[in-house]
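Residue numbers (our numbering), protein chains in the order written: chain S, 1 to 327; chain P, 1 to 309.
Glycine included, every Cβ here is placed at the ideal spot set by N, Cα and C.
First comes the structure, then the notes that go with it.
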């Protein structure tokens, strides 16, 4: 099966400083992928680059194919059709993500007019349907309201409605709940998964919250310092992480049940993108690192069906995890 | 909403009273009109008679109350030099001033705003740097220096245009150019930074992410937001249409309000100076009020606040 979107060797540099260093990622139709990692690991940049939304001075290379069509070299007019039409994106801070001087109706109808063959009353009716779909109460009256008249959770719902306007095949949700309080977070995530199921839409959920990803995604990719270090079905990754960084992330999560245990923290800090260590970027913080780790950056390699890891000690760390002594 | 405007109008009235009071006091403390107009050689009894005739020997608070009483009746006093009503003297100069400042305003806007937008959209490009260098030059060079430079080039060296006076439309070109260039520079810088600020906002990225073509992102998403700060500076420019050409009128011997002001101040022709300052304060305050109303129109967030204010 050809993937819906496939990213290969995607690299981004700002002023010569690499922030994305060769990302490989593929996503099937209707699939939900979680993208986790610390701030600055390149989760958002990956998708901003794929959609050509980075500032002009960003240096982007590699390949992003949507249904086999290359996006990175596509002309602006073709990209405009993809954005919102095939791939929609919602962002972290809903309050500033909508234009403050335009009404909701204007912003919603703009998206509808761009991607759907609708006109006149049909546009308004569809805008209304979308607002009802995402659960904005009294939608007919509130169409003529401005963004500042809504709460943060409601604005994020409107953002989702706007993202759905073009019937996209893929929704990139970039930390969609980070700026919202906990009860609203749960509602928004619930809304996203319902819509995804009903519309059979693929979704990338970018988050640094592992719990959010575990609940809402089929598959998870862990990013570190501009690379994907491990990729696995969600349940397998959480049960049995292989890359030492993924192990660290999951070890830092408090377990919901079972006896209390001391949470483990990953020592050290994310390397500065301008001064990346040679070899594996995680080696300086890795308890399992040995001499070869500092020599060459490991590539993402399969260790099982639909599981890939970028660690030369993948086998050893697996054993360490399982408590099997190395020979 | 009504209260929002009432507060602003009240504030505007207070500003005018303060400006007029300040001018009144400073003018009376800074020199004796009798000496200025009659000259230091005038006999003391003539000076005394002059002071008595114009009420200058009354205590200053009395003169002040008297002055406001007269304003309330619509009288702005007479020129001490030729006895004509001050308002009449000022009004007959206004067309000449507007003949410079109105076209200059049009050029400033037509030149400055597009230049600023273009520079912001092509940030870091050679054209952006050129526009900004010109803008900084136009910003920092005082208008009299620019005026003299233009005279030197176009009147003295090339001999294309007259260096002063008001005999034909050709006489207006250099003064208008001087006013336009400085103002366009200010506007270009202002528009550019307003645009850059707006272009960095998340809602611009949202618009791009939903597939809005870049040209339309600029016109229907960025410009309406960038207009809000730019309106402030436009209001200021409209407010200075009457008195914004003091220096330029003096350099080019253009008989407008600005030149009248310079002469009247030098002569301590109190009624004329006060009349001009009142007029300037009125236009400035009015244009600020208009800007406040425009904010409400351009920015729905302020409209909402105004409703609760």
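Rounded separation between residue i and residue j - CA only
i, j, result
"residue 337 of chain P", "residue 189 of chain P", "Shown here, chain P extends from 1 to 309; a query on residue 337 of chain P therefore has no answer."
"residue 159 of chain P", "residue 234 of chain P", "34 Å"
"residue 275 of chain P", "residue 177 of chain P", "28 Å"
"residue 87 of chain P", "residue 251 of chain P", "24 Å"
"residue 18 of chain S", "residue 275 of chain S", "10 Å"
"residue 37 of chain P", "residue 164 of chain P", "27 Å"
"residue 147 of chain S", "residue 98 of chain S", "6 Å"
"residue 136 of chain S", "residue 157 of chain S", "7 Å"
"residue 210 of chain S", "residue 176 of chain S", "14 Å"
"residue 147 of chain P", "residue 42 of chain P", "39 Å"
"residue 102 of chain S", "residue 82 of chain S", "24 Å"
"residue 103 of chain P", "residue 111 of chain S", "41 Å"
"residue 183 of chain S", "residue 212 of chain S", "13 Å"
"residue 15 of chain P", "residue 223 of chain P", "32 Å"
"residue 129 of chain P", "residue 153 of chain P", "25 Å"
"residue 234 of chain S", "residue 215 of chain P", "42 Å"
"residue 99 of chain P", "residue 244 of chain P", "12 Å"
"residue 167 of chain S", "residue 198 of chain P", "29 Å"
"residue 194 of chain S", "residue 125 of chain S", "22 Å"
"residue 170 of chain P", "residue 40 of chain P", "41 Å"
"residue 134 of chain P", "residue 115 of chain P", "11 Å"
"residue 298 of chain S", "residue 312 of chain S", "6 Å"
Residue i versus the options, residue with shortest Cα-Cα distance
i, options, result
"residue 111 of chain P", "P:26, P:57, P:243 and P:185", "P:185"
"residue 206 of chain P", "S:217, S:163 and S:189", "S:163"
"residue 5 of chain S", "S:11, S:29, S:180 and S:56", "S:29"
"residue 328 of chain S", "S:236, S:44 and S:191", "This structure gives no information on residue 328 of chain S, because the portion of chain S shown stretches from 1 to 327."
"residue 232 of chain S", "S:225, S:243, S:188 and S:226", "S:243"
"residue 127 of chain S", "S:161, S:117, S:153 and S:94", "S:161"
"residue 40 of chain S", "S:82, S:49, S:273 and S:132", "S:273"
"residue 266 of chain S", "S:277, S:278, S:259 and S:283", "S:283"
"residue 47 of chain S", "S:75, S:87 and S:16", "S:87"
"residue 56 of chain S", "P:236, P:115 and P:125", "P:125"
"residue 280 of chain S", "S:271, S:268, S:291 and S:296", "S:296"
"residue 229 of chain S", "S:159, S:24 and S:7", "S:24"
DSSP three-state assignment for residue i, whether helix, strand or coil
i, result
"residue 116 of chain P", "helix"
"residue 7 of chain P", "helix"
"residue 253 of chain P", "coil"
"residue 35 of chain P", "helix"
"residue 75 of chain S", "coil"
"residue 222 of chain S", "strand"
"residue 36 of chain S", "strand"
"residue 13 of chain S", "strand"
"residue 17 of chain P", "helix"
"residue 252 of chain S", "coil"
"residue 168 of chain P", "coil"
"residue 289 of chain S", "coil"
"residue 292 of chain P", "helix"
"residue 262 of chain S", "coil"
"residue 20 of chain S", "strand"
"residue 143 of chain S", "coil"
"residue 69 of chain S", "strand"
"residue 58 of chain S", "strand"
"residue 42 of chain P", "coil"
"residue 128 of chain P", "helix"
"residue 66 of chain P", "helix"
"residue 158 of chain P", "coil"
"residue 12 of chain P", "helix"
"residue 296 of chain S", "coil"
Beta-carbon separation (whole angstroms), residue i vs residue j, contact threshold 8 Å
i, j, result
"residue 203 of chain P", "residue 77 of chain S", "In fact, because the Cβ distance is near 22 Å, the residues do not count as touching under 8 Å."
"residue 9 of chain S", "residue 62 of chain S", "4 Å"
"residue 47 of chain P", "residue 65 of chain P", "Contact doesn't hold; Cβ gap of about 24 Å is too wide."
"residue 261 of chain P", "residue 273 of chain P", "7 Å"
"residue 192 of chain S", "residue 173 of chain S", "6 Å"
"residue 143 of chain P", "residue 248 of chain P", "6 Å"
"residue 202 of chain S", "residue 31 of chain S", "5 Å"
"residue 36 of chain S", "residue 208 of chain S", "6 Å"
Which residues DSSP lists as bridging residue i, in chain order
i, result
"residue 304 of chain S", "S:307"
"residue 230 of chain S", "S:222 and S:309"
"residue 195 of chain S", "Paired residues: none, contrary to the question."
"residue 336 of chain S", "Outside the modelled stretch of chain S, which goes from 1 to 327, sits residue 336 of chain S, for which no answer is possible."
"residue 92 of chain S", "Beta-bridge pairing links residue 92 of chain S to no other residue."
"residue 8 of chain S", "S:63"
"residue 206 of chain S", "S:35 and S:174"
"residue 85 of chain P", "P:78"
"residue 27 of chain S", "S:5"
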